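For the first sequence, the UniProt record's numbering assigns the number 1 to the initial residue and increments by one for each residue that follows. Note that beta-carbon positions come from the ideal geometry of N, C-alpha and C, so glycine has one too. Note that the structure is predicted; figures quoted are calculated from it, not measured. Working notes for the structure below.
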Amino acid sequence: MKYNFNEIEAKWQKYWAENQTFKAINGSDKPKYYVLDMFPYPSGAGLHVGHPLGYIASDIYARYKRHQGFNVLHPQGYDSFGLPAEQYAIQTGQHPAITTAENIKTYRRQLDQIGFSFDWSREVRTSDPSYYKWTQWIFIQLFNSWYNNHTDKAEDISVLETIFSSEGNENVNAVCDDNIEPFSAEDWNAFSSEKQQQILLQYRLTYLAETEVNWCPALGTVLANDEIVNGVSERGGHPVIRKKMTQWSMRISAYAERLLQGLEKIDWTDSLKESQRNWIGKSVGASVTFNVIASETKQSDVIDVFTTRPDTIFGVSFMTLAPEHELVSQITTPEQKEAVDAYILKTAKRSERDRMADVKTISGVFTGAYAEHPFSKEPIPVWIGDYVLAGYGTGAVMSVPCGDERDYAFAKHFGIPIPNIFDGVDISEEAFSDKEKTVIGNSDFLNGMNYKKATKRAIYELEQIGQGQGKTNYRLRDAVFSRQRYWGEPFPVYYVNGMPQMIDAAHLPIKLPEVEKYLPTETGEPPLGNATVWAWDTEKNEVVSNDLIDNKTIHPLELNTMPGWAGSSWYFNRYMDANNTEEFASKEALNYWKDVDLYIGGSEHATGHLLYSRFWQKFLFDKGVVPVDEYAKKLINQGMILGTSAFVYREEGTNTYLSFGLIENKKVQPLHVKVKYVNASDELDIEGLKNDEEFGDDYADAEFILENGVYKVGRDVEKMSKSKYNVVNPDDIVSDYGADSLRLYEMFLGPLEQYKPWNTAGITGVHSFLKKLWKLYADDNGLKVTDATPTKDNLKTLHKTIKKVKEDIENFSFNTSVSTFMIAANELTAQKCTSKEILEPLLVLISPYAPHIAEELWSQLRNNGSISKAPFPEFDASHLVESSKNYPISFNGKMRFTMELPMDMSKDDIEAAVLAHEKTQEQLGGRTPKKVIVVPGKIVNIVG
RNA sequence: GCUGAAGUGGUGGAAUUGGUAGACACGUUGGACUUAAAAUCCAAUGUCCAUUAGGACGUACGGGUUCAAGUCCCGUCUUCAGUACCA
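Structural data, given as structure tokens:
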């Protein structure tokens, strides 16, 4: 019997699929366990070996939990709306749905052959109308809700309407737009329905607003903050500019504090939580109102600022407004108008990127206006400067040069006085911003106080004069929810007189219309502007032709689509009841599965998907739709598998290629070559390269200068990508070595969280382990497992393996358990172990890692009558772990323990006492300890 | 700048959490089997000194605590990731 992995793997994959072996049952008696992967975007390139890393880890964990008697939910699906399919459609005219379906087919085939234990009966696709029906439904719920600060949760918009009609908005404490005019109940009831709708829109959790957005002209769409990296688009690296547009926004800022607090109760990595904390950016301080001193040319006005240092209020020597600040034009004096206008123009021209790249240059202009210090009543010059951002706080700061680096630099640059309000600190060279060591001086009633006391007192005094109060500010801004794209969820929205109306949930889904072109229209409308059947008939409740629009019963539909993160913000709930056509998911299913016990995915989603999905979950929790407000108890970020690129070096201006060792100081141009032409010793297969279909011609006449008879390539570790020719396809690995080898090797490569390079050569190690394992059970004559009584050594090997592997899985250090298996196989081979009492549990143990070979051997043992246990996947192995718990052998045969002994014993006496000790004898199994480390008073270490 | 993670052989990485540093694997070298290759098996493989026995050094660098430090503390440097004029 040979280890024919291809045959075995195909056989069991077929068996699992036909028997729905991994189907999870809703409402089983067993305890539930939910293991979730971040679902993939099915790209046209298919999977490379880096993609399955996290899936293998979660699969091991899921299979382990099944063996422990849990009812495991381990689903998979596709985040199938996205830009690549749309761009392909723009180029080729092929409908993105077709491309997407094809890509999904490839993904599914590739995933299947790795032997994952997914419950495919629960598959979701975000681009499927039966799925996005519920994404639209959630959008409607958000539209129909507002955030009540009194109850600290989202409530139905009808509650707000009731309040408005009975008492106006005076006592409403909601998270809403700024600048809402106060109105009474009488006012409200007298407002036109349109005016009422306008006001309500300012309170809704998803709202339409003219916002300054990140517009990417090359992509023809707006981007969220997290889709921009260093001032250019994350996808494609195109420039991004600021532009005002009417957009749907999500009021995520309402949840800032709860998103922050919620981090305390979930087991996510510290770095990820820290990223989210920074992104939310809570700062506690005060808002302070400065009165602008009125003069002939300007009226009196007020400037509100936010500061985290109200204790330094007596250090204010000027104020700075963002150039975009709305007061600038009002307060600028005629003498300064020219300079101010020129400055505003200059900064507006600078792109976001320039402004970010160049933070050292100090620039600004005096407006000519003065504000009055709230306490000293001294006049304070008001400047504008681009170091103040319009989008944070109020877009204005009180500048305290002695306590803030930027204010200090600004003051120095423009010769503004720098009053010192810190006792015993020299500020002639730099600002002093250490809060902890602060002692305030020169500050009237704050003198002698530390930071904490002075802050409290300053806020109190500001409140007394009505010019300020304590305030908490968050950096987190509302998320723009509109995209000018075709391949996304359509909004369930139509417009009557320009006011958005929700389509009744009973008529969902609103399916994407057909269009001829996937580009924006000539008039600059989003791609849905190309649709001819895209109007809403409010009588028939269906989508009808645009020609029929009469703005009475038939109205235009929204042309934007939802962003990529819409569908991924709630999919984990859908898996619980994926085929429900009546509800988002049934109450029973939601209450049974509740939340994800283990979520594995990449850290690149820290401030995107992982924040937005927490926001939606909290909202759905407020609405009573889901039973928990944090959906993932534990989250692990898997690292990335990188490619090892290979280079040949062309001597500049020639057709000669120098071997890596011969470059020395010569000018060479490194060129990527396909990694498949390079062996483990970095030697290039020149013939292979010259015969390559794609690039052979480029090298046909090339001369390769060898060293020691071979051409050595250079190596570099980079991200796997098509353009670097370092992509390794899992299909090739599976056909050459088998899925079990791939699974083991990906785990063996290193710690799960770490970034590590792929190196195909190394896979022979785990592959020969599997062959060795097979030989332990079978040889040319068939199975060789016997009823023999296990020896002491056999038992020791088995139990230390069980202990170690259990620990490893529970700590997610899958890499070391692969080593443990190898050691076990080597030891049992050396011991010539054939005992089924050893070999049987070993199979159970290894099955989460290498399920195919384990299933095959288990089933053979069953057929042969050697085992009478249950079929493999249903086999509850929890007793194995239990039995090993008290097994009297410690890991690796090493043992250490501490033993109290009298202080005055001699070293020899101590050793004698150790040898006589009962426990020592037992643990050493009669052998003499190699080393005893003795410390006065006790024995610390006995090594056997 | 700030935040987070990390720095161990030629390489990927172990180290029972303060207790034999380098497990396991790749690679390399040598050997067995073979007409040969592949496959398989065996041995060696941190550095330096030594014929051997053995010895010295060694976990980025410099200090410290401890009977004992890769692990803990202080300082420095480097790399990676995220974030950045956030008042």
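In the structure shown, the three-state DSSP call for residue 652 is coil.
Across the structure, residue 19 and residue 121 are spaced so that their CA atoms are roughly 12 Å apart. Partner residues in the beta bridge of residue 208, as assigned by DSSP, are 248.
Contact annotation, residue 623 with residue 136: C-beta distance approximately 15 Å; criterion of less than 8 Å not satisfied. Fully contained in the segment 603-664 are the following alpha helix (DSSP H) runs of length 4 or more, in chain order: 609-622. Per the DSSP secondary-structure output, residue 672 pairs in a beta bridge with 647. Around the Cβ of residue 15, a 10 Å sphere holds fewer than 16 other Cβ atoms; the residue is exposed.
The three-state reading of DSSP puts residue 719 in coil, since its state is none of H, G, I, E or B.
Contact fails between the segment 201-214 and the segment 275-285, because fewer than three Cβ pairs, one in each stretch, are under 8 Å apart.
DSSP links residue 554 through a beta bridge to 537. Between the segment 60-79 and the segment 30-46, the count of Cβ pairs shorter than 8 Å is three or higher; the stretches touch. Spatial neighbours of residue 157 in its own chain (CB-CB distance under 7 Å, excluding positions within 5 residues in sequence) are listed in chain order as 144, 145, 146, 200 and 204. As a beta-bridge residue in DSSP terms, residue 320 pairs with 383 and 397. Under the Cβ criterion (8 Å, minimum of three pairs), the segment 663-676 does not count as touching the segment 82-93.
Note that the C-beta distance between residue 335 and residue 385 is not below 8 Å.
The beta carbon of residue 663 sits closer than 6 Å to the beta carbons of 649 from its chain, once the five residues preceding and following it are set aside; these are given in chain order.
Nearest to residue 162 by C-alpha distance, out of 177, 176, 186 and 153, is 186. Straight-line spacing of the CA atoms in residue 321 and residue 59 works out to 55 Å.
Straight-line spacing of the CA atoms in residue 315 and residue 612 works out to 40 Å. Note on the segment 106-160: whole alpha helix (DSSP H) runs with a minimum of 4 residues are 129-143, in chain order. In its chain, beyond the 5 residues on either side, 79 and 609 have a beta carbon closer than 6 Å to the beta carbon of residue 568. Apart from the 5 residues on each side of it in sequence, residue 104 sits with its Cβ closer than 6 Å to the Cβ of 42 and 78 in its chain, given in chain order. The Cβ atoms of residue 502 and residue 509 lie no closer than 8 Å to each other. Following the DSSP letters along the chain, one finds residue 262 inside the alpha helix (DSSP H) bounded by residues 256-262. Here residue 677 is buried: its Cβ has 16 or more other Cβ atoms, across all protein chains shown, within 10 Å. For residue 529, the three-state secondary structure derived from DSSP is helix.
Boundaries of the alpha helix (DSSP H) harbouring residue 819: 814-830, taken from the DSSP string. Just measuring C-alpha positions, the residue of 114, 549, 641 and 800 sitting nearest residue 496 is 549. The three-state reading of DSSP puts residue 164 in helix, counting H, G and I together.
By the beta-carbon neighbour count (other beta carbons within 10 angstroms, threshold 16), residue 213 is buried. For residue 214, the three-state secondary structure derived from DSSP is strand. Closest in alpha carbon position to residue 8, among 472, 115, 303 and 100, is 115. Taking 8 Å as the cut-off, the Cβ atoms of residue 797 and residue 835 do not count as close. Excluding its 5 nearest sequence neighbours in each direction, residue 846 has C-beta neighbours in its own chain below 7 Å: 821 and 854, listed in chain order.
Cβ-Cβ distances below 7 Å link residue 404 to 431 and 433 in the same chain, with the five nearest sequence neighbours on each side left out; the list follows chain order. 8 Å or more divides the Cβ of residue 814 from the Cβ of residue 636.
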